[in-house]
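Read through the structure below, which is laid out as structure tokens, and then see the notes.
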Amino acid sequence: MVYRFRVILDAEEDVFRDIEMLQESTLEDLHNTIVQSFGFDGTEMASFYISNDDWNQGEEIHQFDMSGKEQGIRLMNETSLDSVLSESQTKLIYVYDFLKMWTFFVELAQIGEIEEGRDYPNLMYVHGQIPENAPDKEFTAEGEEEDFNEFDDDIDIDDYDNLSFDENWN
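Take 1 as the starting number for the sequence shown in the UniProt record's numbering and just add one per residue.
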């Protein structure tokens with residue numbers, strides 16, 4: 001079987017690629033195909049995250065094992081597409097380059113038959129150009145609003161004479 005994906009860059013402008021992969025391909029194969037189809041050099045680290053229908057980030061599938069643990073983490077090169085994706089589980093989040101945070105929504109759009117004479121992976125469709133810089137991200141905890149004044153006791157931290165501590169404590 002062939003898995004047909006739409007890979008969408010999380011950006012203001014529409015930038016996406018439609019890709020076909022064999023179902024027994026690994027997430028590392030999908031990673032390499034995404035990197036090539038969007039024009040990255042492939043030298044940065046990346047991860048996939050299993051996602052629910054609301055695109056909430058779930059379990060991470062790592063590119064490399066840097067945990068130092070003997071077991072417990074999933075790796076891209078050991079994880080086949082058909083072990084994490086199905087007709088009921090269709091969404092992954094892909095993050096490339098953890099300093100720039102290029103973030104992609106990967107959705108399994110269709111499961112089809114292998115076509116004779118076609119090479120896989122297959123880049124079916126290209127729309128939009130990737131911007132020069134990764135789009136800015138705003139990171140907040142789910143269900144929480146940021147309140148940086150939570151402990152504001154009307155203290156002026158620049159007024160050293162009226163702070164209640166001994167400045168010669170050491």
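C-beta atoms are modelled at their ideal positions from N, C-alpha and C, and glycine is treated no differently. Note that the structure is a prediction, hence the values are computed from the model and not measured.
When rounded, the separation of the alpha-carbon atoms in S47 and F5 is 17 Å. Between the beta-carbon of L108 and that of Y3 there is about 6 Å, and that keeps the pair under the 8 Å contact cut.
The three-state reading of DSSP puts S47 in strand, counting E and B together.
Its chain contains F16, F105 as the residues whose beta carbon lies nearer than 6 Å to that of I8, once the 5 sequence neighbours on both sides are disregarded; these appear in chain order. With a beta-carbon spacing of about 14 Å, E24 and S86 fall beyond the 8 Å limit used to define contacts. Secondary structure of Q36 (DSSP, three-state): helix. The Cβ-Cβ distance between L22 and Y96 does not fall below 8 Å. Non-local C-beta neighbours of A11 in its own chain, meaning closer than 7 Å and more than five positions away in sequence, comprise P131, P135, ordered along the chain. Looking at the DSSP output, L22 shares a beta bridge with V2.
When only Cα atoms are considered, E44 and M101 end up about 10 Å apart.
For M1, same chain residues with a beta-carbon under 6 Å away, outside a window of 5 residues either side, are Q23, I111 in chain order. Residue pairing for G112: DSSP places it in a beta bridge opposite V2. When the beta-carbon positions are compared, K91 and D29 stay at least 8 Å from each other. Considering only E60, I73, Y94, the residue with the shortest C-alpha distance to V35 is Y94.
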